[in-house]
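K.L.:
Plus 744 on top of the position in the sequence shown (first one is 1) and you've got my numbering.
Just so it is clear, CB atoms sit at the ideal spot from N, CA and C, and this is done for glycine as well.
Supplied in structure tokens, the structure appears directly below.
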Amino acid sequence: MISRAERTVVGEWWWTVDRLLLGALAALMIIGIVLCLAASPAVAARLGIANPFHFVNRQLMFLVPALIVMLGTSFLSPRQIRRLALGLFFVFWALLCATLVVGAEVKGAHRWLNIGPISLQPSEFLKPTFVIIAAWLFSESIRRPEMPGQLIAFGLLGSVITPLVLQPDFGQTILISLVWGGLFFLAGLRIIWVVGLGGIGAAGLFLAYHTVPHVAQRIDKFMNPDAGGGSYQVEVATNGFLNGGWLGQGPGEGTFKRILPDSHTDFIFAVAGEEFGAVLCLILLSLFAFIVLRALTRALDDEDPFVRFAVAGLAMLFGLQSAINMMVNLHLMPAKGMTLPFVSYGGSSLISLAYGMGMLIALTRRRPRSATLAELERHGARMGARPPRAVLEPA
């Protein structure tokens, strides 16, 4: 056991970290390995891979650096998180643009970079850094009204979604735009902006529907299942849920996973439903909901606007990605390739999520009030401004 009297870095971290949040994330990782054991052997056999646990071994291999990244990041201070996010943003934004030129084509899209034996999806790593920078800009616009933080945030959004649309990757575009819009709302979005941004989003969706064939096909198939085209996986996933019932067919007893191409990645939730039943699906849903609500509750208690926005943004990013994946599996929205956080197979997704959740853990740690005020005062002194009155004077 670690004593409260210990003044070591690890001791201070252990007694200030949200251990319930940490435990929920660990539970998701364990369930992810179990479901990868259930789903991936059928995929390996279909691809002609001799080792049936090829994807399980790779997932375990990715899990080690993911844990190191998450735990290492959780030791950082808010200022260190801002600086690290800024540097990584430029690195992964450049790599995101590079996918348009030298990216490998997968299913008609250029989203991956092959760096030696490693396949990297830069957009996965760009998302958490984007949230941190957007949160900082919106918090600065509140702390210093003379700074054009919201205007710069618009430019930040445009710089990210433009290469995503060109890849094309409309799922990530929608996800990032929704999180950005949520942060803008928290920063005091006026009703005129709500109408304007809603109109821009609707116009963008309308344009994508009429100019991108696979987008139109997926929407048509979702609205009219008899229209034909690209929802084979969704139909198989739906049958898997129906076959599983409440308690499932049992570990390894699923049948629909054998004909589900992405059963170990985008449709692993359907494997959970078939083999372990609706009970496990509800447990997963509860874990995702707990992590999001726990993070938002901790954000409400923090006095630093940057921390509030950053925690809220990271929680929205995590929750929306989870919701989109599960809704696609349940045929509640058009098919979109997006992993289920910490459960789906994938190195880029796992490590980037670990980085994002590491920042979330760091920002939700209990920090002494005096330390929070000191940081805000130092920041205000550098910027020539005083900390907010609400922070300087107790309620």
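Taking its Cβ as the centre, do 16 or more other Cβ atoms sit within 10 Å of tryptophan 837, making it buried, or is it exposed?
P.N.:
buried
K.L.:
With 16 as the cutoff for other CB atoms within 10 Å, does tryptophan 880 come out buried or exposed?
P.N.:
buried
K.L.:
Could you compute how far the alpha carbon of alanine 810 sits from the alpha carbon of glycine 1091?
P.N.:
9 Å
K.L.:
Note down the Cα distance separating phenylalanine 966 from phenylalanine 1000, rounded to an integer number of angstroms.
P.N.:
20 Å
K.L.:
Identify which residue in Val1023, Pro1049, Val1087, Arg1109 has its Cα closest to the Cα of arginine 888.
P.N.:
Pro1049
K.L.:
Expressed to the nearest angstrom, what Euclidean distance is found between the alpha-carbon atoms of valine 938 and glycine 925?
P.N.:
9 Å
K.L.:
Would arginine 826 pass as an interface residue toward chain C - the criterion being a Cβ-Cβ separation below 7 Å?
P.N.:
Note that chain C does not occur in the displayed structure, where there is just one protein chain.
K.L.:
Indicate the three-state DSSP secondary structure (helix, strand or coil) for serine 821 in the structure shown.
P.N.:
In the structure shown, serine 821 adopts coil according to DSSP, grouped into three states.
K.L.:
Would DSSP call tryptophan 856 helix, strand or coil?
P.N.:
If DSSP states are grouped into helix, strand and coil, tryptophan 856 belongs with the strands.
K.L.:
Enumerated in chain order, which unbroken segments of the alpha helix (DSSP H) with a length of 4 residues or greater are wholly contained in the segment 934 to 1021?
P.N.:
Taking only runs of at least 4 residues, the alpha helix (DSSP H) segments lying wholly in the segment 934 to 1021 are 935 to 955, 957 to 967, 976 to 988.
K.L.:
Straight-line CA distance for phenylalanine 914 to leucine 908?
P.N.:
7 Å
K.L.:
Please report the straight-line C-alpha distance between valine 846 and glycine 860, rounded to a whole angstrom.
P.N.:
Rounded to the nearest angstrom, the two C-alpha atoms are 13 Å apart.
K.L.:
Give a yes or no on whether the C-beta atoms belonging to alanine 829 and isoleucine 876 are separated by under 7 Å.
P.N.:
Contact annotation: alanine 829 and isoleucine 876 have beta-carbon atoms nearer than 7 Å.
K.L.:
Note down, in chain order, each residue of its chain lying with its Cβ closer than 7 Å to the Cβ of proline 995, except the 5 sequence neighbours on either side.
P.N.:
Ala782, Glu1019
K.L.:
So does the segment 1045 to 1061 actually touch the segment 1017 to 1034, counting three or more Cβ pairs closer than 8 Å?
P.N.:
no
K.L.:
Tell me whether the beta-carbon of methionine 814 lies closer than 7 Å to the beta-carbon of methionine 1103.
P.N.:
no
K.L.:
Can you check whether the CB of glutamine 894 is closer than 7 Å to the CB of serine 885?
P.N.:
yes
K.L.:
Given a threshold of 16 other Cβ atoms within 10 Å of its Cβ, counted over all protein chains shown, does valine 800 qualify as buried or as exposed?
P.N.:
buried
K.L.:
Considering only their Cβ atoms, is the gap separating proline 872 from tyrosine 1099 smaller than 7 Å?
P.N.:
yes
K.L.:
State the Cα-Cα distance for the pair valine 761 and glycine 852, rounded to the nearest angstrom.
P.N.:
43 Å
K.L.:
Start and end of the beta strand (DSSP E) containing serine 863?
P.N.:
Element bounds for serine 863: 862 to 864.
K.L.:
Near valine 1023, what residues of its chain come up, given a Cβ to Cβ distance below 8 Å and the 5 sequence neighbours on each side ignored?
P.N.:
Trp990, Leu991, Gly992
K.L.:
Could you please give the first and the last residue of the uninterrupted beta strand (DSSP E) stretch that includes alanine 782?
P.N.:
Not the beta strand (DSSP E): alanine 782 falls in the alpha helix (DSSP H), residues 763 to 790.
K.L.:
Compare the beta carbon distance of leucine 919 and isoleucine 1012 with 7 Å and say whether it is the shorter of the two.
P.N.:
no
K.L.:
If contact is defined by three or more beta carbon pairs under 8 Å, each pair taking one atom from either stretch, is the segment 766 to 774 in contact with the segment 974 to 988?
P.N.:
No: fewer than three Cβ pairs fall under 8 Å.
K.L.:
How close, in whole Å, do the beta carbons of glutamine 803 and leucine 844 come, if the pair is a contact with beta carbons under 8 Å?
P.N.:
By a beta-carbon distance limit of 8 Å, glutamine 803 does not contact leucine 844. Their separation comes to about 29 Å.
K.L.:
Mapping the DSSP letters down to three states, classify valine 850 as helix, strand or coil.
P.N.:
Under the three-state reduction of DSSP, valine 850 is assigned to strand.
K.L.:
Do you know offhand how far phenylalanine 1077's Cα is from arginine 826's?
P.N.:
Residue identity differs from the one stated: residue 1077 is methionine in this sequence, not phenylalanine. Taking the straight line from one Cα to the other gives about 35 Å.
K.L.:
Just how far apart, CA to CA, sit valine 980 and valine 850?
P.N.:
22 Å
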